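To start, the structure itself, in structure tokens.
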Amino acid sequence: MNDAVGASSAFPLPLLQSGENAVIVKVGGRGELHRHLETLGFVEGADVTVVSEAAGDLIVEVKGTQVALDRSVASRIMARAAA
Numbered sequence: 053m054n055d056a057v058g059a060s061s062a063f064p065l066p067l068l069q070s071g072e073n074a075v076i077v078k079v080g081g082r083g084e085l086h087r088h089l090e091t092l093g094f095v096e097g098a099d100v101t102v103v104s105e106a107a108g109d110l111i112v113e114v115k116g117t118q119v120a121l122d123r124s125v126a127s128r129i130m131a132r133a134a135a
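When you read off a place in the sequence shown, starting at 1, and then add 52, the result is the number in this note's numbering.
Here it is in structure tokens:
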């Protein structure tokens, strides 16, 4: 993927609505947070679906597993619309 194209069309994960799919293009954060997100499956190229949103938190599905994310953490994950 062309990084310039991927970066220009990327948006933070919380902008997705329930049921929408996207592809992760970048995972922000440093140190332990970044490693933890990668361990959960939030890696570049992974498909992600927002299952639901409640009280600002997101329930997302990534690599076949549902994960709850605080909005501030989810905002560090950049995605683009799934093709």
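For every residue, glycine included, the Cβ atom is placed at its ideal position computed from N, Cα and C.
Computed from a predicted model, the values in this text were never measured in an experiment.
1) Across which residues does DSSP place D109 in a beta bridge pair?
2) Where V103 and G93 are concerned, what is the direct C-alpha to C-alpha distance, given to the nearest angstrom?
3) Going by C-alpha to C-alpha distance, which of A106, R132, P66 sits closest to A126?
4) At the level of alpha carbons, what is the spacing between L110 and R123?
5) Alpha carbon to alpha carbon, how far is H86 from G58? Give it in angstroms, no decimals.
So, from the listed chains and residues:
1) Residue numbering aside, residue 109 sits at position 57 when the sequence shown is read from its first letter. A106, per the DSSP bridge assignment.
2) Start at 1 with the first residue of the sequence shown, and residue 103 comes out as number 51. Start at 1 with the first residue of the sequence shown, and residue 93 comes out as number 41. Cα-Cα distance, rounded: 16 angstroms.
3) Position 74 of the sequence shown, counted from the start, is the residue given in the question as residue 126. Ranking A106, R132, P66 by Cα distance to A126 puts P66 first.
4) Locating residue 110 in the sequence shown gives position 58, where the first residue counts as 1. Locating residue 123 in the sequence shown gives position 71, where the first residue counts as 1. Cα to Cα, L110 sits roughly 7 angstroms from R123.
5) Taking the first residue of the sequence shown as 1, we reach residue 58 at position 6. Taking the first residue of the sequence shown as 1, we reach residue 86 at position 34. Annotation note: pLDDT 47 at G58 (below 50); position unreliable, no value reported.
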